[in-house]
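Asks: Starting off with a structure, shown below.
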Amino acid sequence: MEEKKIRVAITHGDTNGIGYEIILKAFEDPMMFELCTPIIYGNPKVATYHRNVMKLDTPFSIIGKAEDARDGRLNLLAVFDEEVKVELGTPTADSAEAARKALQRAKEDLKQNLYDVLVQAPVVSSNTPDREDRSLLVMFADDIRIALVTSRLPLKEVAQSITQETIVEKATLFHTSLRRDFRISNPRIAILALNPQPGAEEKDVIAPAIEALEKESIQAYGPFTADDFFGKQKQYGFDGILAMYDDQGNVPFKTLATEFGVKMKTGFPFVITTPDHGPAFDIAGKGEADPASLRHAIYAAIDILRNRKEYDDPKKNPLPKLYHEKREDGEKVRFISKKPEQE
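Positions in the sequence shown are counted from 1; adding 1 to them yields this note's numbering.
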């Protein structure tokens with residue numbers, strides 16, 4: 002029996018950026034349809050405009066709902082009918098609103114399990130942090146995986162937001178993601194210091210957090226000052242790196258992962274990825290955008306979905322225990338077989 006293709010939803014991103022260009026270019030390759038069934042959440046008129054400007058030949062089929070998506074073709078779900086003025090290379094309120102509408106509809110359909118994974122084309126990041134967000138931002142490429150304790154905070158607010166509880170929470174999420182999303186059985190996590198020289202935060206906050214993680218059998222090490230850690234290439238000895246704030250994680254990541262970086266938010270029940278770059282307004286409409294970044298975000302989303310299934314499936318029907326643990330004489334442990342019940 003043929004395996005059902007994974008349905009990948011892709012939002013069109015900021016309509017004045019490179020979103021449609023990289024989507025249409027990515028699906029010029031017919032092999033992509035062997036991998037998944039794509040559903041573009043967007044607007045047919047805007048998509049056609051971009052296709053004409055780029056002189057691309059990628060065909061798409063317009064659908065009204067996700068359930069109508071067909072295998073072997075680029076399905077474009079019409080999220081809204083209103084006219085959208087396209088001003089390539091210029092971020093506007095209309096282009097941002099078009100991105101928001103596409104994402105909102107995609108999230109509604111995701112909650113109804115109408116597709117399997119969500120990939121977001123680039124948008125302008127909000128400068129307003131969601132202080133109630135309990136998820137974790139992870140950036141990854143090849144063997145580099147960097148997560149952030151805080152995100153989109155002014156630097157003056159970072160120190161007061163770094164608490165032992167927050168570090169433990171984020172590191173625990175990271176540990177689970179490394180095991181479940183990336184299938185690393187016993188991950189080693191490096192915890193970066195906040196300051197360039199050890200100070201009160203390292204002694205009173207970060208070091209105790211690492212001790213607390215160790216008590217939970219999470220292999221956490223540090224705190225490492227960022228310059229020494231990356232300067233001596235210590236990153237290759239760890240499966241994941243937990244940075245304290247945006248620049249501390251983003252700068253080394255973009256330096257080390259020169260191509261195909263992907264971002265995801267873990268801690269959700271759904272798989273959501275995005276290319277590690279913005280709408281690239283400076284090259285929008287010029288035909289210069291590389292679709293490889295979007296392809297890798299799609300590949301990553303599919304890999305993570307499969308990894309989670311492999312990780313979760315054995316736990317759905319666990320084998321019954323054949324032995325129970327009996328503790329006697331302090332820490333001495335003996336394993337005693339349960340006798341089978343009499344029939």
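Cβ atoms here follow ideal geometry from the backbone N, Cα and C, with glycine treated the same way.
Taking its Cβ as the centre, do 16 or more other Cβ atoms sit within 10 Å of R146, making it buried, or is it exposed?
Replies: Looking up residue 146 in the sequence shown gives position 145. Classification for R146: buried.
Asks: Are there three or more Cβ pairs, one per stretch, closer than 8 Å when the stretch 247 to 265 is compared with the stretch 291 to 301?
Replies: Short answer: they touch.
Asks: Using only alpha-carbon positions, find the residue among D304, Q121, G288 and A302 that is nearest to P53.
Replies: Taking the first residue of the sequence shown as 1, we reach residue 53 at position 52. Note on identity: in this sequence residue 53 is Asn, with Pro being the wrong assignment. Residue G288 is the option with its Cα nearest to N53.
Asks: In angstroms, rounded to a whole number, what distance separates the CA positions of Y21 and I305?
Replies: Counting from one through the sequence shown, the residue named residue 21 turns up at place 20. Counting from one through the sequence shown, the residue named residue 305 turns up at place 304. The alpha-carbon atoms of Y21 and I305 are separated by roughly 24 Å.
Asks: The alpha helix (DSSP H) that contains V47, what's its start and end?
Replies: Counting from 1 along the sequence shown, the entry for residue 47 is found at position 46. From DSSP, the alpha helix (DSSP H) with V47 extends over P45 to M55.
Asks: Would you mind working out which of P270, A67, L257 and R309 sits nearest D1, comparing C-alpha positions?
Replies: Outside the displayed range of the chain (2 to 344) lies residue 1, so it cannot be described from this structure.
Asks: Starting from R296 and walking both ways along the beta strand (DSSP E), at which residues does that stretch end?
Replies: Taking the sequence shown and counting its residues from 1, one reaches residue 296 at position 295. R296 -> not in any beta strand (DSSP E); alpha helix (DSSP H) instead, spanning A293 to K317.
Asks: My parser needs the beta strand (DSSP E) runs of 3 or more residues fully inside the stretch 212 to 293; what are they?
Replies: With a minimum length of 3 residues, the continuous beta strand (DSSP E) runs that stay inside the stretch 212 to 293 are 220 to 225, 241 to 244, 263 to 267 and 273 to 276.
Asks: Looking at the structure shown, is R180 part of a helix, part of a strand, or coil, going by DSSP?
Replies: Counted from its first residue, the sequence shown places residue 180 at position 179. In the structure shown, R180 sits in a helix (DSSP, three-state: H, G or I).
Asks: Check each candidate in A281, A244 and A27 and name the one with the smallest Cα separation from M140.
Replies: Locating residue 140 in the sequence shown gives position 139, where the first residue counts as 1. Closest by alpha carbon: A244.
Asks: For E84, tell me which candidate among S96, T167 and I64 has the shortest Cα-Cα distance.
Replies: As a position in the sequence shown, residue 84 is number 83, starting the count at 1. Measuring from the Cα of E84, the nearest candidate turns out to be S96.
Asks: Are the CB atoms of L179 and P188 nearer to each other than 7 Å?
Replies: Counting from 1 along the sequence shown, the entry for residue 179 is found at position 178. Counting from 1 along the sequence shown, the entry for residue 188 is found at position 187. The answer is yes: Cβ separation under 7 Å.
Asks: Indicate whether T167 and A99 have their beta-carbon atoms separated by less than 7 Å.
Replies: Counting from one through the sequence shown, the residue named residue 167 turns up at place 166. Counting from one through the sequence shown, the residue named residue 99 turns up at place 98. The answer is no: Cβ separation not under 7 Å.
Asks: L138: which of G268, R181 and G43 sits nearest, CA to CA?
Replies: On the sequence shown, position 137 is the one that residue 138 refers to. Closest by alpha carbon: G268.
Asks: Using CA atoms only, rank isn't needed, just tell me which of A194, F183, N76 and G238 is closest to N44.
Replies: As a first step, residue 44 must be located in the sequence shown, where it is residue number 43. For the residues A194, F183, N76 and G238, the minimum Cα distance to N44 belongs to N76.
Asks: Could you compute how far the alpha carbon of A281 sits from the alpha carbon of L25?
Replies: Indexing the sequence shown from 1 puts residue 281 at position 280. Indexing the sequence shown from 1 puts residue 25 at position 24. The alpha-carbon atoms of A281 and L25 are separated by roughly 16 Å.
Asks: By the 10 Å Cβ neighbour count, where 16 or more other Cβ atoms means buried, how is A201 classified, buried or exposed?
Replies: The sequence position of residue 201 within the sequence shown is 200, counting from 1. The residue in question, A201, is exposed, as its Cβ has fewer than 16 Cβ neighbours within 10 Å.
Asks: What separation, rounded to the nearest whole angstrom, lies between the Cα atoms of D143 and F254?
Replies: Walking along the sequence shown from the start, residue 143 turns up at place 142. Walking along the sequence shown from the start, residue 254 turns up at place 253. Rounded to the nearest angstrom, the two C-alpha atoms are 11 Å apart.
Asks: At 4 residues or longer, and completely inside the stretch 141 to 198: list those alpha helix (DSSP H) runs for me, N to C.
Replies: Listed in chain order, the complete alpha helix (DSSP H) runs (minimum 4 residues) inside the stretch 141 to 198 are 156 to 162 and 165 to 181.
Asks: Quick check on DSSP: helix, strand or coil for Y116?
Replies: Taking the first residue of the sequence shown as position 1, residue 116 is located at position 115. Correct three-state label for Y116: coil.
Asks: Just the C-alpha distance for I192 and E212, rounded to the nearest angstrom, thanks.
Replies: The count along the sequence shown starts at 1 and reaches residue 192 at position 191. The count along the sequence shown starts at 1 and reaches residue 212 at position 211. Cα-Cα distance, rounded: 12 Å.
Asks: Buried or exposed for R106, going by 16 or more other Cβ atoms inside 10 Å?
Replies: Taking the first residue of the sequence shown as 1, we reach residue 106 at position 105. The residue in question, R106, is buried, as its Cβ has 16 or more Cβ neighbours within 10 Å.
Asks: Could you name the residues of the same chain whose beta carbon sits closer than 7 Å to that of M2, not counting the 5 residues immediately before and after it, in chain order?
Replies: For this step, residue 2 is matched to residue 1 along the sequence shown. Caution applies to M2, whose pLDDT of 39 falls short of 50 and renders its modelled position unreliable; the value that the coordinates give is listed next. The answer is none, since no qualifying residue turns up.
Asks: In three-state terms, what does DSSP make of V139?
Replies: Sequence index remark: in the sequence shown, residue 139 carries index 138 (1-based). Correct three-state label for V139: strand.
Asks: Which residue's Cα is closest to the Cα of S126: F81, A290, A293 and G279?
Replies: Residue 126 sits at position 125 when you count from the first residue of the sequence shown. If we check each option's Cα against that of S126, G279 comes out closest.
Asks: A285 and L154 - do their beta-carbons sit closer together than 7 Å?
Replies: Here residue 154 is taken as the residue at index 153 of the sequence shown, counted from 1. Here residue 285 is taken as the residue at index 284 of the sequence shown, counted from 1. No; because the gap between Cβ atoms is not below 7 Å, this pair is not in contact.
Asks: Which residue marks the beginning of the alpha helix (DSSP H) containing L77, and which one marks its end?
Replies: As a working note, residue 77 is residue 76 in the sequence shown. Segment N76 to A79 is the beta strand (DSSP E) holding L77; no alpha helix (DSSP H) there.
Asks: Could you please give me the residues that DSSP links to P123 through a beta bridge?
Replies: Position 122 of the sequence shown, counting from 1, holds the residue named residue 123. According to DSSP, P123 bridges with nothing at all.
Asks: Does the distance from the CB of L78 to the CB of I40 come in under 7 Å?
Replies: As a first step, residue 78 is located in the sequence shown; it is residue number 77 there, counting from the start. As a first step, residue 40 is located in the sequence shown; it is residue number 39 there, counting from the start. Yes, Cβ-Cβ distance for L78 and I40 is below 7 Å.
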